[in-house]
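A short write-up of the structure that comes next.
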Amino acid sequence: MVEILSSGMYTTIQDNGRFGFSKYGVPQSGAMDKRSFLLANALLGNDENCAVIEWMIMPPILKFYEESVIVLTGSICDPYMNDQPVKFNQPLGVKKGDVLRLKNVSKGVFGYVGIKNGFCTNIVLNSRSQYKSITASEKLVKTDMISYSSYCGFSTSLSSVKIENDWLDQEGLEVYPGPEYDLLSDAEKLSLLMGNFTISNESSRMAISLNEEVGNNLTSMISVPVLPGTVQLTPSGRLIILMRDCQTTGGYPRIFQLSEEAINVIAQKRVKENVKFRLSCF
Amino acid sequence: MKNSDVKFDYKQYSENSILIQTDAKVDENLLNLLIFYKKSIEEFYGKVIVEVILSYNSLLILYVSTIENIYDSFFELKSLVSKEVLKKSVKKRLWNIPVCYDVNVCPEIVPFADQKSMSVDEIISLHTTPLYTIHFIGFLPGFLYLSGLDKKLITPRKSNPSRFVEKGSVAIGGNQTGIYPSNSPGGWHVIGRTLLSFFDVNSDPCCFATPGDRIKFISVTVGEYNDIGLSIANENYQLVPEYF
């Protein structure tokens, strides 16, 4: 078991997501930054869909009750095990009673705590990802106990992996033209591709909205399918980037689709940070 | 409807998805054609695809992995459009949904009737007459997109959406009507309440209704509404469709 001593701001269990249930209107969910999620499982030698703890902006405090191996990826911070500094992006042995604290969060939004063989919460519709009205609870709270299987085979190895975190500074987002992109005028396309955009404070696991208004001359439309990474142009001329917990259908023009990698990049952008769209072809 | 009447446009949507879309319209023949097309795609691809998402005028095909050769995929998909939707189609299902429009259960119907300059009874009559068609499920888990709302009931959405719309609220927004399957913020005008559950992760399937089915709203009294609540609580309420 791991006990949540403090829950942080919005801490959830996430895996790769819930696929095949859009026909019931069920969102995909899954880790916001799949790159850091996959890295956590890769560093542990896990199956790539093992469930991790995802935290947002303010990290949780965790107490471990069985021996295992964990790894911390994503949002950059200074980790401490029982008040001793430990390494980020490195497998770490944990013993009974160990308390993990993450301090000085310096970059990014979403951090991950991976564990050998994953956290074992209930699987609902093929996934452990927490989502309101699907899983029993929508996020982790103080005193929650989450089970994992103990693992005793960890030995501190002399080898280590060098992980580059430069991608967190990347401002360019690779986008493909969305189905309604061609309805925009040349001037509108130009302002979207030349403009600097900033992340607004109305951002969540469902969607990230941008502060700048670009105008919108498109007529309203009937509901159409959308995916995480779809960029919608709202009637007020603001851009909304749909994220992992987004609805399955939407009624706004879909002007861009972010590449898988760009979804991870924007997931880690903080309020007021800059992004630019870089148009790409398949 | 012959397939040759419908021109589909094929576009890559993301690294691992393709959008098939035709002109924006809400049409039952198009719905049948899309349901048929969706089945052929699912049967042909099997586990190569995650799923096919249906909406009024499009199919979004989600592949398990990155699409290698888009032109091969387009070619395969185009070959799967059937010449004509089979006439001996499966029987349609009709679900009768008990809704209480009584002011004691749903006071919101009064301001709505006032806004429409109609009596509450007129609203109920106009809302319970049509057979609505389910086009797809989206927005919230278990939210049915229905067509068939009487033109006289078309009402623009609220300019200030409500922060809280209760689960089971039957509402009107623009030219659509629907049932909120869970508590949610929402901008539609609530006119009635139902106690039926439209989404349950513990039942298989999660939602009893599927695209192509029909819905009819049946007006019930407060007494009948409470009785339904009791039988649902005692787990002896059975919703059985009519076939036609």
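Chains as they are written, first to last, in my numbering: chain S, 1 to 282; chain F, 1 to 244.
Every residue, glycine too, gets a C-beta built ideally from N, C-alpha and C.
In this structure R18(S) is not in contact with S160(S), their Cβ atoms being roughly 34 Å apart against a cut-off of 8 Å.
DSSP places S75(S) inside the beta strand (DSSP E), whose first and last residues are 68-81. Boundaries of the alpha helix (DSSP H) around Y225(F): 222-233.
For A187(S), the three-state secondary structure derived from DSSP is helix.
The alpha carbon of I266(S) has as its nearest neighbour, out of G178(S), T198(S), V86(S), G30(S), the alpha carbon of T198(S). Here G237(S) carries a coil assignment [DSSP, helix/strand/coil]. A Cβ-Cβ separation of about 5 Å places I18(F) in contact with I61(F) under the 8 Å criterion. Among the CB atoms of chain F, one or more fall inside 9 Å of the CB of Q247(S). In the DSSP assignment, Q115(F) falls within the alpha helix (DSSP H) that extends over 109-116.
Classified as exposed, S147(S) has fewer than 16 neighbouring CB atoms from the shown chains inside 10 Å of its CB.
If you draw a 10 Å sphere on the C-beta of M32(S), you find 16 or more other C-beta atoms in it, and that means buried. In the structure shown, I41(F) adopts helical secondary structure according to DSSP, grouped into three states.
Within chain F, not a single residue places a beta-carbon under 9 Å from that of K116(S); the smallest gap is close to 26 Å. Cβ contact annotation for L77(F) (same chain, cutoff 8 Å, sequence separation greater than five): Y10, I18, I20, I41, I61, in chain order. Within its own chain, the residues whose Cβ lies closer than 8 Å to the Cβ of K216(F), once the five positions on either side in sequence are excluded, are L94, W95, N96, I97, T128, P130, L131, Y132, listed in chain order. Separation of the CB atoms of S182(F) and S133(S) is rounded to 5 Å, and the pair is thereby assigned contact status at 8 Å. Burial of M243(S) is indicated by the presence of at least 16 other C-beta atoms within 10 angstroms of its C-beta. Taking the Cβ atoms as the reference, E108(F) lies roughly 39 Å from V50(F), outside the contact range of under 8 Å. Each of S203(S), S204(S), L192(S) was checked against the Cα of E213(S), and the nearest Cα belongs to L192(S). Less than 9 Å divides the Cβ of S75(S) from the Cβ of K107(S).
Of M9(S), Y252(S), S36(S), G178(S), the smallest CA-CA separation from I163(S) is found for S36(S). Within the model, the alpha-carbon separation for T156(S) versus E67(S) is close to 14 Å. For P225(S), the closest C-alpha among the options G237(S), T249(S), S209(S) is that of T249(S). Rounded to whole angstroms, the Cβ separation of Y10(S) and L72(S) is 17 Å, and the two are not in contact under 8 Å. With the criterion set as a beta carbon lying under 8 Å from some beta carbon of chain S, the members of the region 131-160 of chain F are F136, I137, G138, F139, L140, P141, G142, F143, Y145, in sequence order. If you compare the alpha carbons of K63(S), V69(S), E54(S), N89(S) with that of D83(S), the shortest gap goes to K63(S). With fewer than 16 neighbouring CB atoms inside 10 Å of its own CB, M194(S) falls in the exposed class.
In the three-state DSSP reduction, V120(F) falls in the helix class (H, G or I). At least one beta carbon of chain S lies nearer than 9 Å to the beta carbon of I70(F). Taking 9 Å as the CB threshold, M243(S) stays off the interface with chain F. Under the Cβ distance rule, S169(F) does not count among the residues neighbouring chain S, no pair being separated by less than 9 Å. Taking the Cβ atoms as the reference, E171(S) lies roughly 5 Å from N274(S), within the contact range of under 8 Å. The three-state secondary structure of Y10(S), taken from DSSP, is coil. Listed in chain order, the non-local C-beta contacts of Y37(F) below 8 Å within the same chain comprise I20, L59, L80, V81, S82, local neighbours out to five positions each way being set aside. Only buried fits C100(F), as 16 or more other CB atoms lie within 10 angstroms of its CB. Interface residue (Cβ-Cβ distance to chain F less than 9 Å): K34(S) is not classified as such.
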